[in-house]
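Peer 1: Residue numbers (numbering that gives the first Met the number 0): 0 to 736. Where a beta carbon is used, it is the ideal one built from N, C-alpha and C, also for glycine. One structure follows; several queries about it will come next.
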Amino acid sequence: MQRTDRIVISAIEGMGGVGKTELAIQYAQRYIAEYSGGICWLQAREGKLDAQILQLAELDLGLKVRQEWRGQSLTTEEQVAWCWRNWQPPEGLVLLVLDDVTNWGECHPVLPKNLSRFRVLVTTRQRLQGTFFELALDVLPQPIALELLKSLVEDAGQIERERETAERLCQWLGNLPLGLQLVGIYLKQDPDLSLATMLERLKRQRLKHEAIDLEAQPEQEAPFVTAQRGVRAAFELSWQELDEFTANVGRLLSLFAPEVIPWKLVELAAQNLAWDESALETSRRQLYSHYLIQREGLGIYRVHPLIREFLQDKLEGSEQVQALQQAFAAAMVTIAQQISNSSTSQNIHSFSVAIPHLIETTQNWIAAVKDEDLVWPFRGIAQFYERQGLYALAEPYYQQCLAVVKKRLGDEHYVVAISLNNLALLYYSQGRYIDAESLNQQALKLRGYLFEDKHPDVAQSLNNLALVYKAQGRYSDAEPLLVQALELNKHLLGEEHPVVVASLGNLGSLYYSQGRYRQAEPLLVQALELHKHLLGEDHLNVAASLNNLALLYKAQGQYNKAEPLYQQGLELSKRLLGEDHPDVAQSINNLGSFYYSQGRYNKAEPLYQQGLELSKRLLGEDHPDVATSINNLAALYLYQGQHNEAEPLFLQGLKMRQDLLGDKHPDVATSLNNLALLRCFQERYGEAKQLYEQALEIAEQSLGKNHPNTVVFRKNLDDVQIVIASQQQTSTSEPQA
């Protein structure tokens, strides 16, 4: 505005209520001395600028506007140009303010031409296209918004006393200056009104609350502000400039969460409405040019919180409300279906911007989701967190899903069985085996009833219940279920299907746990080969198969075969899941256990420590995997001669396993055996004997008399009995990892 060589045009742009007019007023007041030629303020929204200028010239400047020149009548545009050339006073800079421009094409022809004494300041709710300077105003930063509110209320200390609520109030208002000003003045008029009550009323009444809707106040009570209209009326001015198609796009946007919106999600919903793609793009540009949406990055937009409230109000009064809600819900279902239990860390990250909108669907628009799709929004969110190992964040969505489907569909619907199954799988991952068992049994019973035991979903429930039994050490209960699931899957899906291959791997893993290595090996080898063939080398199921086969080879003493499989499985898990995931922690622990079994303690220790820290952080202190990591690290310390470090870990691991798995679990027997070995090193043979006896009893009951672990425990007991009998002071017992 300080250039003197030519006419200067500057534009203040931004959404309604952001303070454009206020800034223009303050500029004019601050620099009034610079404009000795006068300040001219015109209301551009009202149109007919030429008539306003001619009227001003005659009434305020005392000019008699020339109507003709050399016998020729002057056009209105020529008469306006004459006014600018004959402006009074004849010297000094002139500030011309065009407030609230809606049509720059109509304004530009009547501006002064080649008159360097004029400075033109434009305010507009649009993004103007021109060679002039543009200043785009944004909402206030949060600290400044709080300061503005503080400056307006009667008691400035109220803001500090209710600081957290004040911040939430500013956030609800989107830090919009007009909203803050109106609410601040309203609070000043009622000093006893708490911020919490003010916020609650705004949330309930939204833009219709009298604090921010001046039309809702008696005229004599309406506060003086620069903009003589409330927030809703300010937005209404921009809304009136939209065509009907663009208005519907705005209504659609109101359904999204108050977070950044990938435009591809809008396009996905638009496809469900059979909207023309080019028309949608035109509407996007129109909404952007009118500051009704803000661009946050490539293909990413945001709707201001109060504009979102305004658009939702427009949605509620529209005949399109149901169609728009259904289209939005269908788009969210499509996104949720893409988040699978085999998603990698890179895949999962790509969905992060969609998660708030899926959450919005579950909270506010679930009624628009079809019955058959009811599970998907909840499952998509839960899977997003579950694939990152964030089980606690996933749990409420599975629980909410089960409650919602039961309420809408009743207790005997196949979707209910799906919800039961999904929650059960989460509980299994959390080590909550009793809860998982109950839900799996319910799902199996319901699926058996609905599908007469002849459906892949029945096989899935058989498999999942068997996995819970296996985790509980109930191998004899698990085996028939896994065999039945495998046969049913083969019958229904064929020999070469990923689900069938998973069944093969699960049965092979059970045989491994039972010490039936000869039966386990062909199943685990076949599962690995088929997973690679059907799913490709880079798949989570391949990583699991590598790990399972490595465990078997280690147990058989085939270390040369085991080590590369462990390393491949760990590398693949890290690449697909990222460094921070429970499956990665388990792979790290397994590789450490492999090195421990070879006596390579220096390589085992950092892996054990890393696996333990990662498991604790991701799974919490009370999880069976954490207990296993503690036991393994304790066994390592024992064989390194660090008995004082080993003892508290052995005791902690034993108690955790007893609390989490019950007193008769095979893992409890392992912990008892290892603690007994420590007692032998401490020459406390009587205590060791009792611990070995307990371990052997549990192992014989849960694993059988010929299981490798049972054989080791029996040998250890025999050895300590010999020591006690002969009063020897050495032991040759072996710990179990």
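1. Just mark residue 640 as buried or exposed, buried being the case when its beta carbon has 16 or more other beta carbons within 10 Å.
2. Quick one: Cα of residue 207 to Cα of residue 315, how far?
3. Since residue 38 contacts residue 31 with CB under 8 Å, what's their CB separation in whole angstroms?
4. Measure the C-alpha to C-alpha separation of residue 604 and residue 458 and round it to an integer number of angstroms.
5. Could you compute how far the alpha carbon of residue 509 sits from the alpha carbon of residue 462?
6. Let's see if you can read the secondary structure: which residues bound the alpha helix (DSSP H) around residue 103?
7. In angstroms with no decimal places, state the Cα-to-Cα distance between residue 1 and residue 150.
8. Could you give the distance in angstroms between the alpha-carbon of residue 357 and the alpha-carbon of residue 650?
9. Please classify residue 567: does DSSP put it in a helix, a strand, or coil?
10. For the stretch 94–144, which segments carrying the beta strand (DSSP E) assignment without a break, of at least 3 residues, lie completely within its bounds, in sequence order?
11. Ends of the beta strand (DSSP E) at residue 7?
12. Would you tell me roughly how many angstroms separate the C-alpha atoms of residue 163 and residue 187, rounded to the nearest one?
13. Could you check what DSSP says for residue 417 in three-state terms: helix, strand or coil?
14. To the nearest angstrom, how far is the alpha carbon of residue 724 from that of residue 709?
15. Quick one: measure Cβ to Cβ for residue 331 and residue 376, integer angstroms, because I've assumed they're closer than 8 Å.
16. Does the pairing of the stretch 531–541 with the stretch 570–590 give three or more beta-carbon distances under 8 Å?
17. Of all the CB atoms in chain D, is at least one closer than 8 Å to the CB of residue 349?
18. Nearest-angstrom Cα distance between residue 14 and residue 240?
19. So what does DSSP say about residue 646, is it helix, strand or coil?
20. Given residue 568, which residues of its chain have a CB within under 6 Å of its CB, disregarding the five upstream and five downstream residues?
21. Can you give the Cα-Cα distance for residue 313 and residue 245, rounded to whole angstroms?
22. Is it the case that the Cβ atoms of residue 472 and residue 701 are separated by a distance below 8 Å?
23. Leaving out five residues before and five after residue 105 in sequence, what residues of the same chain have Cβ atoms less than 8 Å from its Cβ?
24. Classify residue 68 as helix, strand or coil using the three-state DSSP reduction.
25. Assess, as a yes-or-no matter, whether the stretch 580–594 is touched by the stretch 606–622 under the definition of 3 or more beta carbon pairs within less than 8 Å.
26. For residue 296, report the span of its beta strand (DSSP E) as first-last.
27. Any idea what DSSP makes of residue 355, helix, strand or coil?
28. So, is residue 521 buried or exposed, given that buried needs 16 or more other C-beta atoms within 10 angstroms?
29. Name the one or two DSSP bridge partners that residue 42 has.
30. Considering only residues of the stretch 243–331, which uninterrupted beta strand (DSSP E) runs meet the minimum length of 3 residues and lie entirely inside it, listed in chain order?
31. Buried or exposed for residue 201, going by 16 or more other Cβ atoms inside 10 Å?
32. If you run the structure through DSSP and keep just helix, strand and coil, what is residue 343?
33. Within its chain, find whatever has a CB closer than 7 Å to the CB of residue 286; leave out the 5 residues flanking it on each side and keep chain order.
34. Helix, strand or coil for residue 240, going by three-state DSSP, please let me know.
35. Taking all protein chains shown into account, decide if residue 68 is buried (16 or more other Cβ within 10 angstroms of its Cβ) or exposed.
36. In whole angstroms, give me the CA-to-CA distance for residue 232 and residue 303.
Peer 2: To lay it out plainly:
1. The residue labelled residue 640 in the question sits at position 641 within the sequence shown. Residue 640 counts as exposed, since fewer than 16 other beta carbons sit within 10 angstroms of its beta carbon.
2. Locating residue 207 in the sequence shown gives position 208, where the first residue counts as 1. Locating residue 315 in the sequence shown gives position 316, where the first residue counts as 1. Between the alpha carbons of residue 207 and residue 315 lies a gap of roughly 14 Å.
3. Here residue 38 corresponds to residue number 39 of the sequence shown, with the count starting at 1. Here residue 31 corresponds to residue number 32 of the sequence shown, with the count starting at 1. About 7 Å separates the beta carbons of residue 38 and residue 31, which is inside the 8 Å limit, making them a contact pair.
4. The residue given as residue 604 occupies position 605 in the sequence shown. The residue given as residue 458 occupies position 459 in the sequence shown. Using only the alpha carbons, I get a separation of about 41 Å.
5. In the sequence shown, the residue the question calls residue 509 occupies position 510. In the sequence shown, the residue the question calls residue 462 occupies position 463. If I take the Cα positions, the gap works out to 11 Å.
6. One-based indexing of the sequence shown puts residue 103 at position 104. For residue 103, the uninterrupted alpha helix (DSSP H) segment begins and ends at 103–106.
7. Here the question's residue 1 lines up with position 2 in the sequence shown. Here the question's residue 150 lines up with position 151 in the sequence shown. Between the alpha carbons of residue 1 and residue 150 lies a gap of roughly 32 Å.
8. By one-based count along the sequence shown, residue 357 stands at place 358. By one-based count along the sequence shown, residue 650 stands at place 651. Cα to Cα, the separation comes out at about 45 Å.
9. Counted from its first residue, the sequence shown places residue 567 at position 568. DSSP places residue 567 within a helical segment (H, G or I) once states are collapsed to three.
10. Segments of the beta strand (DSSP E) lying fully in the stretch 94–144: 117–123 and 132–135.
11. Walking along the sequence shown from the start, residue 7 turns up at place 8. Per DSSP, the continuous beta strand (DSSP E) segment holding residue 7 begins and ends at 7–12.
12. Counted from its first residue, the sequence shown places residue 163 at position 164. Counted from its first residue, the sequence shown places residue 187 at position 188. So the alpha carbons of these two residues sit roughly 19 Å apart.
13. The residue you call residue 417 lines up with position 418 of the sequence shown. Secondary structure at residue 417: helix, using DSSP grouped into helix, strand and coil.
14. Position 725 of the sequence shown, counting from 1, holds the residue named residue 724. Position 710 of the sequence shown, counting from 1, holds the residue named residue 709. Each residue's alpha carbon lies about 23 Å from the other.
15. By 1-based counting over the sequence shown, the position of residue 331 is 332. By 1-based counting over the sequence shown, the position of residue 376 is 377. The beta carbons of residue 331 and residue 376 sit about 6 Å from each other, so the pair counts as a contact at 8 Å.
16. The answer is yes - the stretch 570–590 touches the stretch 531–541, with three or more Cβ pairs under 8 Å.
17. In the structure shown, chain D cannot be found, because there is only a single protein chain.
18. Stepping through the sequence shown from its first residue, residue 14 is reached at position 15. Stepping through the sequence shown from its first residue, residue 240 is reached at position 241. Spanning the alpha carbons of residue 14 and residue 240 requires a straight line of approximately 13 Å.
19. Here the question's residue 646 lines up with position 647 in the sequence shown. Shown here, residue 646 sits in a helix according to DSSP, grouped into three states.
20. Numbered from its first residue, the sequence shown carries residue 568 at position 569. Here residue 568 has 542, 545, 546 and 586 as same chain residues with Cβ atoms under 6 Å from its own Cβ, once five neighbours each way along the sequence are excluded.
21. By one-based count along the sequence shown, residue 313 stands at place 314. By one-based count along the sequence shown, residue 245 stands at place 246. One C-alpha to the other measures close to 12 Å.
22. Here residue 472 refers to the residue found at position 473 when the sequence shown is read from its first residue. Here residue 701 refers to the residue found at position 702 when the sequence shown is read from its first residue. Less than 8 Å divides the Cβ of residue 472 from the Cβ of residue 701.
23. As a first step, residue 105 must be located in the sequence shown, where it is residue number 106. The residues are 46 and 48.
24. Stepping through the sequence shown from its first residue, residue 68 is reached at position 69. For residue 68, the secondary structure class from DSSP, reduced to helix, strand or coil, is strand.
25. Segment contact: the stretch 606–622 against the stretch 580–594, three or more CB-CB distances shorter than 8 Å; contact assigned.
26. What you label residue 296 is simply residue 297 of the sequence shown in a count that begins at 1. Run containing residue 296: 293–296, per the beta strand (DSSP E) assignment.
27. The count along the sequence shown starts at 1 and reaches residue 355 at position 356. Helix.
28. For the purposes of this step, residue 521 is identified with residue 522 of the sequence shown, where counting begins at 1. The residue is exposed, with fewer than 16 neighbouring Cβ atoms inside 10 Å.
29. Numbered from its first residue, the sequence shown carries residue 42 at position 43. In DSSP, residue 42 forms a bridge with 98.
30. You should have 293–296 and 299–301.
31. Position 202 of the sequence shown, counted from the first residue, corresponds to residue 201. Per the 10 Å Cβ criterion, buried.
32. To locate residue 343, count along the sequence shown from 1; it is residue 344. Here DSSP, grouped into helix, strand and coil, assigns residue 343 to coil.
33. Locating residue 286 in the sequence shown gives position 287, where the first residue counts as 1. Once the five neighbours on either side are set aside, the close Cβ partners of residue 286 are 245, 248, 249 and 292.
34. By one-based count along the sequence shown, residue 240 stands at place 241. Of the three classes helix, strand and coil, the one that applies to residue 240 here is coil, per DSSP.
35. Taking the first residue of the sequence shown as position 1, residue 68 is located at position 69. Under a 10 Å Cβ-count criterion, residue 68 is classified as exposed, with fewer than 16 other Cβ atoms of the shown protein chains found around its own Cβ.
36. Stepping through the sequence shown from its first residue, residue 232 is reached at position 233. Stepping through the sequence shown from its first residue, residue 303 is reached at position 304. The alpha-carbon separation between residue 232 and residue 303 amounts to approximately 16 Å.
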